[in-house]
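Residue numbers (this note's numbering): 30 to 344.
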Amino acid sequence: MLDPKFSTFSTKKAKAMDEAVNAPIARYTTLKIGGDAKRLCQPHSKDELIELVGDLNKRSEPWFVLGGGSNLLVSSQGFAGTVIRTTNLIEINNPEPDLLEAAAGARLPHLAKYAAGMGLSGLEFAVGIPGTVGGAVIMNAGAHGSCIANILESACILDAQTGSIETLSKSDLEFQYRRCRLDPARHVVVSARFRMSRGEAAEIESRTRENEDYRWRTQPIGFPNAGSTFKNPSPDKTAGYLLDQAGAKELKEGNAAVSAIHANFVINLGGASSTEVTNLLKRMQDTVMAKFEVRLHPEWKTLGSFSESEKEVWS
Ligand SMILES: Cc1cc2nc3c(=O)[nH]c(=O)nc-3n(C[C@H](O)[C@H](O)[C@H](O)COP(=O)(O)OP(=O)(O)OC[C@H]3O[C@@H](n4cnc5c(N)ncnc54)[C@H](O)[C@@H]3O)c2cc1C
C-alpha cells in the first residue's frame with residue numbers, strides 16, 4: 030500500500046516508474062549494508078526523473094539519487110526519505126562519430142566495452158569501476174592513470190533548487206581528485222557526453238580486457254565491498270600503502286574487516302552494520318595517524334542517519 034503522505038504524487042506515474050515503500054536499500058549497494066528507505070522510486074525515463082525530483086522538492090520531501098551504490102555506506106537505521114535509483118536510465122547514443130552520450134544510469138563497465146567495440150578509445154580505464162555515469166561524474170571516478178574529467182565534454186544537470194536543466198561543460202564542473210563542483214544533494218546528473226578518440230577496436234578491446242584482468246588479480250572478490258575506502262593523501266602516498274605499512278590488514282570490527290588482499294578495501298563478512306563499518310574506518314584512520322601522522326579522508330558517500338561521533342569519521 031502507498032504511504033498516504035505520498036498520495037499527491039500521481040499513482041499512475043509512480044507505478045510506471047517502479048515504486049516501493051519501506052524498501053530495503055542494502056541490496057542496491059555493493060557493500061550490502063543499510064536499512065530501509067521510506068520510499069524507493071526507479072524512473073524509466075529522464076522526464077520521469079526530472080518530474081519526480083521537482084515533485085519531491087515542491088513538497089520538501091528528502092530525496093537521494095542512487096546509482097550503482099558502489100561508493101556508498103547506507104546507515105543500518107535506513108533513510109526517512111525517497112531513494113531515486115537511476116539504473117533504468119541506460120540509453121547510450123553516438124550523436125557524432127567520436128562522441129558518446131550516456132544516460133545517468135548506464136553502467137561504466139558496459140559503456141567501456143560498448144566504446145571499445147566501436148573503436149572508440151578513452152574509457153578503457155573505467156571497465157572495472159562498477160558505478161553508473163551519474164555517480165562517476167559526481168565522484169570524478171578514475172583508475173589506471175585516467176579519470177572521467179579526461180574525456181567528459183559536457184553533462185546535462187538538473188538543479189533541484191532552481192528547477193533548471195543546464196548543459197555544463199567540463200570546465201563548469203571544476204573537476205578535482207574524486208570530486209567536482211556538483212552537490213549531489215542539489216544537482217542531478219541526467220546524462221553525460223564523452224569525447225573519445227578513434228583507434229583499432231581490437232587494440233582498445235585488448236587494453237580494456239587487460240584493465241579488467243588487473244582488477245581480478247588485485248582486488249578482493251567474493252565479499253561485498255565499496256572499492257577504495259579512503260582517498261589517496263597524495264599521488265605518491267596511496268592510502269592502501271599507508272594502511273598496509275601501518276598493519277591495518279589485521280583490523281576487524283564485528284562482521285566488517287579490512288581485506289587481506291588490499292588494505293584500502295573494507296569487506297562485509299556477512300551481516301555487518303553501518304556502525305561496525307564506521308568503527309572500523311575510525312580504527313584505520315587512527316592506525317595511519319599513529320604511524321605516519323596523516324589523516325585519511327573517506328572516499329565513500331553516506332546515506333541516512335549517523336551519530337555525532339560517527340560523523341567525525343566522515344568529515
Ligand atoms: C569493486 C569496486 C571497485 C571500484 N574501483 C574504483 C576505481 O577504480 N576508481 C574509482 O574512482 N572508483 C571506484 N569504485 C567506487 C565507485 O564505483 C565509483 O565511485 C563510482 O563512480 C560510483 O558510482 P555509483 O553510480 O555507484 O554511485 P553511488 O555509489 O550510487 O553514489 C555515489 C554518489 O554519487 C551520487 N550520484 C549517483 N548518481 C547520481 C546522479 N545521477 N546525479 C547526482 N548524483 C548522483 C550519489 O548521490 C552519491 O552521493 C569502486 C567500487 C567498487 C565496489
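Beta carbons: idealized from backbone N, C-alpha and C, even for Gly.
Quick one: is glutamine 274 buried, meaning 16 or more other Cβ sit within 10 Å of its Cβ, or exposed?
Indexing the sequence shown from 1 puts residue 274 at position 245. In this structure glutamine 274 is exposed. Its beta-carbon is surrounded by fewer than 16 other beta-carbon atoms within 10 angstroms.
Give the straight-line distance between the Cα atoms of glutamine 106 and valine 94, rounded to the nearest whole angstrom.
Position 77 of the sequence shown, counted from the first residue, corresponds to residue 106. Position 65 of the sequence shown, counted from the first residue, corresponds to residue 94. Using only the alpha carbons, I get a separation of about 18 Å.
For chain C, check one thing: does any of its Cβ atoms lie closer than 9 Å to the Cβ of alanine 66?
Here there is only one protein chain, and chain C is not present.
In whole angstroms, what separates the C-alpha of arginine 312 from that of valine 103?
On the sequence shown, position 283 is the one that residue 312 refers to. On the sequence shown, position 74 is the one that residue 103 refers to. Straight-line Cα distance between these residues: approximately 19 Å.
Helix, strand or coil for phenylalanine 93 per DSSP?
As a working mapping, residue 93 is identified with position 64 in the sequence shown. DSSP places phenylalanine 93 in strand when its eight states are reduced to three.
Tell me the DSSP secondary structure of glycine 256 in three-state form.
For the purposes of this step, residue 256 is taken as residue 227 along the sequence shown, with counting starting at 1. Note: glycine 256 maps to strand in three-state DSSP.
If I'm right that arginine 224 touches glutamate 195 with Cβ under 8 Å, what's the distance once you round it to whole angstroms?
Along the sequence shown, one-based indexing puts residue 224 at 195. Along the sequence shown, one-based indexing puts residue 195 at 166. Actually they do not touch by this definition, with Cβ atoms about 19 Å apart.
Do leucine 298 and glutamine 314 come within 9 Å of each other at the CB atom, strictly closer than that value?
One-based indexing of the sequence shown puts residue 314 at position 285. One-based indexing of the sequence shown puts residue 298 at position 269. No, the pair does not count as a contact, with Cβ atoms beyond the cut-off.
Can you look up proline 138 in the DSSP assignment and give me helix, strand or coil?
Mapped onto the sequence shown, residue 138 falls at position 109. The answer is helix: DSSP assigns proline 138 an H, G or I state.
Quick one: Cα of alanine 28 to Cα of arginine 244, how far?
Since the first and last residues shown for the chain are 30 and 344, residue 28 lies out of range.
If we require 3 or more residues per run, which beta strand (DSSP E) segments fall completely within the segment 110-134?
Those beta strand (DSSP E) runs which fall completely within the segment 110-134 and span 3+ residues are 121-125, 128-132.
DSSP has valine 82 in a bridge; who is on the other side?
Translated into the one-based positions of the sequence shown, residue 82 becomes position 53. Paired residue(s): none; valine 82 is not in a bridge.
State the CB to CB distance for the pair glutamate 234 and glycine 146, rounded to an integer number of angstroms; the pair is presumed to be in contact (CB under 8 Å).
Within the sequence shown, numbered from 1, the residue matching residue 234 stands at position 205. Within the sequence shown, numbered from 1, the residue matching residue 146 stands at position 117. Indeed they touch by this definition, with Cβ atoms about 7 Å apart.
What do you reckon, is the C-beta of valine 244 under 8 Å from a heavy atom of ligand 1?
As a position in the sequence shown, residue 244 is number 215, starting the count at 1. Residue 244 is actually arginine in this sequence, not valine. Because some heavy atom of ligand 1 lies under 8 Å away, the Cβ of arginine 244 counts as near it: yes.
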